[in-house]
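> In the numbering used here, the protein residues as written are 9 to 357.
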Ligand SMILES: NC(=O)c1ccc[n+]([C@@H]2O[C@H](COP(=O)([O-])OP(=O)(O)OC[C@H]3O[C@@H](n4cnc5c(N)ncnc54)[C@H](OP(=O)(O)O)[C@@H]3O)[C@@H](O)[C@H]2O)c1
């Protein structure tokens, strides 16, 4: 096994960005994906080795994993692609990283904790913007208030979203929202609650969304009640609420196929990423009235995803990993995010 890693889905928008950043910092990952033409062209552009296979081609998948110590899986929606990849990692004893934000995927990975420990591997989903910055903020708040029973997180991403993110969101349209209540993931209507969020430099109306932390922040902090808010324009909040009644229609195959076909390829340009940023806010409280609050600022979401995914990759290459199912802050601490250039954090109360 070489001390290297595989990037699967390397030719997607986020995969390509990660490849570019990896090469810029001297890494030489092996690229992989199912589209021979695109993967080969990308590998040639950066003078990297590549492998071409679909996830169903088990022998090729296992052989590619045996050449490396871990995979950074970038081919989503992960509710479709993650199972075949993580099973191959368990078979071959290689660590598994992905950039999902899907609650069902995090929960499936958590259910593999014992198998991962037995195989001596780390399974860490969500090594991108969802959930590294928010998992670190959640753990920072928990460290400040160990008796916390309620956690509220919010984020504001200033920038455009990519093809894969839109495809994943479209696939989940009409499925409603989710929060954590008394330790259980609980379904709530889409756009369930709104509240004003004070990010410091700007105050905005936030709306609840089923973000990855509903799963992961519980695994890393054990806080039993969790809500996550994001900022969307007011008309979109109305649309979210409307989707409660149109859920059945939005999930039908013909409409899904139509909506998916309308999603433009690619994602934010270099200039858009350079001009974007991400703002986070979080609050933890306990049953006796204690309360702590903090804010965090960082680079644009896709830049953040590439930087956090590669920071964690660098740690594994250096032999720094924790076996079993892990969240970023659980293994690498709440201060992991402060290792990402451009990140700042303040305690408000
Ligand atoms: N957590 C975060 O913060 C974060 C940040 C960025 C992206 N994401 C997620 O990452 C995923 C990728 O986003 P993106 O914008 O980079 O997407 P994209 O540009 O659409 O690229 C998707 C990539 O996945 C591959 N792929 C899709 N389905 C596949 C399958 N069934 N088998 C094998 N390969 C498959 C595609 O291969 P082909 O070219 O062969 O179709 C392509 O390489 C999305 O799920 C998105 O939500 C999460």
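For glycine and all other residues, C-beta sits at the position ideal for the given N, C-alpha and C.
In terms of residues, what are the limits of the beta strand (DSSP E) holding residue 157?
Here residue 157 corresponds to residue number 149 of the chain shown, with the count starting at 1. For residue 157, there is no enclosing beta strand (DSSP E), as DSSP gives it neither H nor E.
> With burial defined as no fewer than 16 other Cβ atoms inside 10 Å of the residue's Cβ, what is the status of residue 144: buried or exposed?
Walking along the chain shown from the start, residue 144 turns up at place 136. It counts as buried.
> Can you list, in chain order, the stretches of the alpha helix (DSSP H) that have 4 or more residues and sit fully within the region 261–297?
261–269 and 278–283
> Do the CB positions of residue 276 and residue 284 come within less than 8 Å of each other?
Within the chain shown, residue 276 is the residue found at index 268, counting from 1. Within the chain shown, residue 284 is the residue found at index 276, counting from 1. The answer is yes: Cβ separation under 8 Å.
> Are the Cβ atoms of residue 332 and residue 124 separated by less than 8 Å?
In the chain shown, counting from the first residue as 1, residue 332 sits at position 324. In the chain shown, counting from the first residue as 1, residue 124 sits at position 116. The answer is yes: Cβ separation under 8 Å.
> Between the Cα of residue 190 and those of 239, 303, 211 and 234, spot the shortest distance and give me the residue it belongs to.
As a first step, residue 190 is located in the chain shown; it is residue number 182 there, counting from the start. When each option's Cα is compared against that of residue 190, the closest is 234.
> Between 351, 330, 337 and 320, which lies nearest to residue 80 when the distance is taken from Cα to Cα?
As a first step, residue 80 is located in the chain shown; it is residue number 72 there, counting from the start. Here the closest residue by C-alpha is 320.
> Closer than 7 Å by C-beta to residue 268: which residues in its own chain qualify, once you throw out the five before and the five after it? Chain order, please.
Stepping through the chain shown from its first residue, residue 268 is reached at position 260. Result list for residue 268: 175 and 178, in chain order.
> Do the region 223–243 and the region 144–164 meet, that is, are 3 or more Cβ pairs less than 8 Å apart?
yes
> Measure from the alpha carbon of residue 210 to the alpha carbon of each residue in 151, 135, 315 and 287, then state which is nearest.
Locating residue 210 in the chain shown gives position 202, counting from the first residue. Nearest neighbour of residue 210 by Cα position, chosen from 151, 135, 315 and 287, turns out to be 287.
> Let me confirm a value: residue 221 is counted as buried when at least 16 other C-beta atoms fall within 10 Å, else exposed. Which label applies?
In the chain shown, the residue the question calls residue 221 occupies position 213. Buried, since its Cβ has 16 or more Cβ neighbours within 10 Å.
> Is residue 66 a contact residue of ligand 1, with contact defined as CB to any heavy atom under 7 Å?
Position 58 of the chain shown, counting from 1, holds the residue named residue 66. No, Cβ of residue 66 sits at least 7 Å from all heavy atoms of ligand 1.
> Between which residues of its own chain and residue 139 is the CB-CB distance below 6 Å, once the five residues before and five after are set aside?
Residue 139 sits at position 131 when you count from the first residue of the chain shown. The answer, listed in chain order, is 220, 221 and 224.
> Kindly provide the ranges of any beta strand (DSSP E) runs that are 3 or more residues long and lie completely inside the region 41–128, ordered along the chain.
58–60, 78–81 and 103–106
> Is residue 140 helix, strand or coil when you go by DSSP?
By 1-based counting over the chain shown, the position of residue 140 is 132. Looking at residue 140 - three-state DSSP - the assignment turns out to be helix.
> Quick one: Cα of residue 106 to Cα of residue 242, how far?
Within the chain shown, the letter at position 98 stands for residue 106. Within the chain shown, the letter at position 234 stands for residue 242. For residue 106 and residue 242, the distance between alpha carbons rounds to 32 Å.
> Quick check: residue 111 and residue 198, are their CB atoms within less than 8 Å of each other?
Your numbering for residue 111 matches position 103 in the chain shown. Your numbering for residue 198 matches position 190 in the chain shown. No, Cβ-Cβ distance for residue 111 and residue 198 is not below 8 Å.
> For residue 337 versus residue 147, is the C-beta distance shorter than 8 Å?
Indexing the chain shown from 1 puts residue 337 at position 329. Indexing the chain shown from 1 puts residue 147 at position 139. Result yes, Cβ atoms of residue 337 and residue 147 sit closer than 8 Å.
> Beta carbon of residue 146: closer than 7 Å to some heavy atom of ligand 1?
As a first step, residue 146 must be located in the chain shown, where it is residue number 138. No; taking the cut-off as 7 Å, the Cβ of residue 146 has no heavy atom of ligand 1 nearer than that.
> Roughly how far, in whole angstroms, is the beta-carbon of residue 356 from the beta-carbon of residue 299, given that I think they are within contact range, below 8 Å?
Position 348 of the chain shown, counted from the start, is the residue given in the question as residue 356. Position 291 of the chain shown, counted from the start, is the residue given in the question as residue 299. Their Cβ separation, rounded to whole angstroms, is 10 Å, which puts residue 356 and residue 299 out of contact at 8 Å.
> When DSSP labels each residue in this structure, what does residue 2 get in the three-state scheme?
Nothing about residue 2 can be reported from this structure: the residues present for the chain run from 9 to 357 only.
> Out of 101, 153, 307 and 213, which has the shortest C-alpha to C-alpha gap to residue 295?
For the purposes of this step, residue 295 is taken as the residue at position 287 of the chain shown. For residue 295, the nearest C-alpha among the options comes from 153.
> What does DSSP give as the partner residue(s) for residue 194 in the beta ladder?
As a working note, residue 194 is residue 186 in the chain shown. Answer is 187, bridged to residue 194.
> Is residue 215 helix, strand or coil when you go by DSSP?
In the chain shown, residue 215 corresponds to position 207, counting from 1. Of the three classes helix, strand and coil, the one that applies to residue 215 here is strand, per DSSP.
> Determine the burial state of residue 311: buried for a count of at least 16 other Cβ atoms within 10 Å of its Cβ, exposed for fewer.
Numbered from its first residue, the chain shown carries residue 311 at position 303. The residue is buried, with at least 16 neighbouring Cβ atoms inside 10 Å.
> Return the first residue and the last residue of the alpha helix (DSSP H) that residue 318 is part of.
Sequence index remark: in the chain shown, residue 318 carries index 310 (1-based). 309–325 is the extent of the alpha helix (DSSP H) around residue 318.
> In angstroms, rounded to a whole number, what distance separates the CA positions of residue 231 and residue 50?
As a working mapping, residue 231 is identified with position 223 in the chain shown. As a working mapping, residue 50 is identified with position 42 in the chain shown. Just so you know, the alpha carbons of residue 231 and residue 50 end up roughly 43 Å apart.
> Select from 52, 156, 261 and 265 the residue whose C-alpha is nearest the C-alpha of residue 293.
As a first step, residue 293 is located in the chain shown; it is residue number 285 there, counting from the start. The shortest C-alpha separation from residue 293 is found at 156.
> Within 8 Å, do at least three Cβ pairs link the region 31–46 to the region 59–71?
Pairwise C-beta distances place the region 59–71 in contact with the region 31–46, as three or more of them are shorter than 8 Å.
> With DSSP as the reference, identify every bridge partner of residue 304, one or two as the case may be.
Along the chain shown, one-based indexing puts residue 304 at 296. According to DSSP, residue 304 bridges with 288 and 353.
> Starting from residue 334, follow its DSSP beta bridges and name the residues at the other end.
Here the question's residue 334 lines up with position 326 in the chain shown. For residue 334, which the question treats as bridged, DSSP gives the partners 132.
> Which residues mark the beginning and the end of the alpha helix (DSSP H) in which residue 236 is found?
Mapped onto the chain shown, residue 236 falls at position 228. Segment 233–239 is the beta strand (DSSP E) holding residue 236; no alpha helix (DSSP H) there.
> Please tell me whether, using a cut-off of 7 Å, the distance from the CB of residue 46 to the nearest non-hydrogen atom of ligand 3 is below it.
Absence of ligand 3 is noted for the structure shown, with ligand 1 being the only ligands found.
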